[in-house]
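Chemist:
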Amino acid sequence: GGDLGFFNRATMVKEFSDTSFAIEPGYVSQPVKTRFGFHLIRVDAKKPEGVVPFEEARDEIFSEIARARADSLGLRNARRSLRQIPAVGVAAAARPAGGFKTSEPFTVADPIPGIGMLPDMAADLPSLPVGQWSAKPYKEANSYILVRPTRRLPAGPADFEEVKRQAVEDMKTAKKKALVAQKTEQVRTMLSAGATLDSAAAPFGGLKDSGLLTKIGGFIPLLGNEPRVIEKAFAVKPGTVSDTIHVAQGVVWIRPEDKRAVEGASFAKDRDAITNELLAKKIEAWLESKKKTVRVEVLRADLRGPPPPKTRTVTTTIPAGR
Numbered sequence: 118g119g120d121l122g123f124f125n126r127a128t129m130v131k132e133f134s135d136t137s138f139a140i141e142p143g144y145v146s147q148p149v150k151t152r153f154g155f156h157l158i159r160v161d162a163k164k165p166e167g168v169v170p171f172e173e174a175r176d177e178i179f180s181e182i183a184r185a186r187a188d189s190l191g192l193r194n195a196r197r198s199l200r201q202i203p204a205v206g207v208a209a210a211a212r213p214a215g216g217f218k219t220s221e222p223f224t225v226a227d228p229i230p231g232i233g234m235l236p237d238m239a240a241d242l243p244s245l246p247v248g249q250w251s252a253k254p255y256k257e258a259n260s261y262i263l264v265r266p267t268r269r270l271p272a273g274p275a276d277f278e279e280v281k282r283q284a285v286e287d288m289k290t291a292k293k294k295a296l297v298a299q300k301t302e303q304v305r306t307m308l309s310a311g312a313t314l315d316s317a318a319a320p321f322g323g324l325k326d327s328g329l330l331t332k333i334g335g336f337i338p339l340l341g342n343e344p345r346v347i348e349k350a351f352a353v354k355p356g357t358v359s360d361t362i363h364v365a366q367g368v369v370w371i372r373p374e375d376k377r378a379v380e381g382a383s384f385a386k387d388r389d390a391i392t393n394e395l396l397a398k399k400i401e402a403w404l405e406s407k408k409k410t411v412r413v414e415v416l417r418a419d420l421r422g423p424p425p426p427k428t429r430t431v432t433t434t435i436p437a438g439r
């Protein structure tokens, strides 16, 4: 339900941008997987890339500076709270951020109750000493979190309610794998019996044309970032069907139709792209230099009230061995 407006390749994550720029206006993509989930992308229009006038980019620049400044302040506040804990206690140090909370027991592989998954913290939890605060804050969305394991529970059989969610997910995953294996064997049997790739693909929506691909990048329309498939495509002779290739979305078979030599690039042809890339790097460097000195004025009345706390202090309990 979201209109993203115009954006350049550097704005979105790679998988999203690669797909958006690979399909033509009016078309809807196949499901695209990124670290944020799965997406269906419809491109409505494309326009040539160019330098945006400062007056048009002013609001976006100041929003970026304000966001970066707020993030820096949040991290600084979290570090200050960490330094204050030994002197004033956790209750007083956490009071400006809304206090501290004690979580229910959880395993390292589970989301932290009330917070969610924090991969960086999950990797550190087994080595954090019980009763001591983590030496660094951990970022969660727009906040920073301080952690102190209070105890580790011995490994043992979990109650059904504790593992119900994981059990259901494991069952779904097992069923999906069994279904993929069944359909994979079905296609392999048809191909071994002499069926064409076109007929074998018919029950699954038919063959998909990727268009011309290059060895650089590894991105394939409809599949995403799959360097192994690209490598296989250039190793197989045109008109030859590959063996079964496992990819993130399941399994595929490919049949290269043609191979062509690419004409050498010229500076005149790529001048605009090179200019924009250099300009983007200069803007990024300029933003970094302004983060610590720029003055941000809030003009909207609804945003002039006390800001939400940028840090939270959470005490966690970790059962070991699960």
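Residues in the sequence shown are numbered consecutively from 118, following this note's numbering.
Even glycine gets a Cβ: it sits at the ideal position worked out from N, Cα and C.
(1) With a threshold of 7 Å on Cβ separation, who are the neighbours of Asp-237 within its own chain once the five nearest residues in sequence on each side are excluded?
(2) Can you give me the Cβ contacts of Leu-330 inside the same chain, cut-off strictly under 8 Å, excluding the 5 residues immediately before and after it?
(3) Where does Asn-194 sit, in a helix, a strand or coil, going by DSSP?
(4) Looking at the unbroken alpha helix (DSSP H) that takes in Glu-348, where does it start and where does it end?
(5) Is DSSP giving Val-205 helix, strand or coil here?
(6) Quick check: what's the CA-CA separation for Ala-319 versus Asn-125?
(7) Check Ile-182 in the structure and name its three-state DSSP category.
(8) Check whether the Cβ atoms of Leu-340 and Gln-303 sit closer than 8 Å, and answer yes or no.
(9) Do Thr-151 and Glu-181 have their C-beta atoms within less than 8 Å of each other?
(10) Reducing DSSP to helix, strand and coil, say where Lys-289 ends up.
(11) State yes or no: is the C-beta of Trp-403 within less than 8 Å of the C-beta of Leu-314?
(12) List the DSSP bridge partners of Glu-221.
(13) Please list the terminal residues of the continuous beta strand (DSSP E) segment that includes Ser-260.
(14) Across which residues does DSSP place Gly-233 in a beta bridge pair?
(15) Determine the closest residue to Thr-306 out of Ala-272, Ala-185, Ala-317, with distance taken between C-alpha atoms.
(16) Taking the CB atoms as reference points, tell me whether Leu-235 and Glu-257 lie closer together than 8 Å.
(17) Who are the Cβ neighbours of Phe-155 in its own chain at under 8 Å, not counting the five residues just before and after it?
(18) Identify, in the order they occur along the chain, each residue of the same chain with its Cβ nearer than 7 Å to the Cβ of Ala-195, setting aside the five sequence neighbours on each side.
(19) Taking the C-alpha atoms as reference points, what is the distance between Arg-287 and Pro-355?
Modeler: Judging by the given coordinates:
(1) Tyr-255
(2) Ile-337, Ile-347, Ala-350
(3) helix
(4) 344-352
(5) helix
(6) 36 Å
(7) helix
(8) no
(9) no
(10) helix
(11) no
(12) Its beta-bridge partners do not exist; DSSP assigns none.
(13) 260-270
(14) Ile-229
(15) Ala-317
(16) yes
(17) Pro-148, Val-149
(18) Pro-254, Tyr-261, Leu-263, Thr-428
(19) Correcting the residue type first, residue 287 is Asp in the shown sequence and not Arg. Approximately 40 Å between the Cα atoms of the pair.
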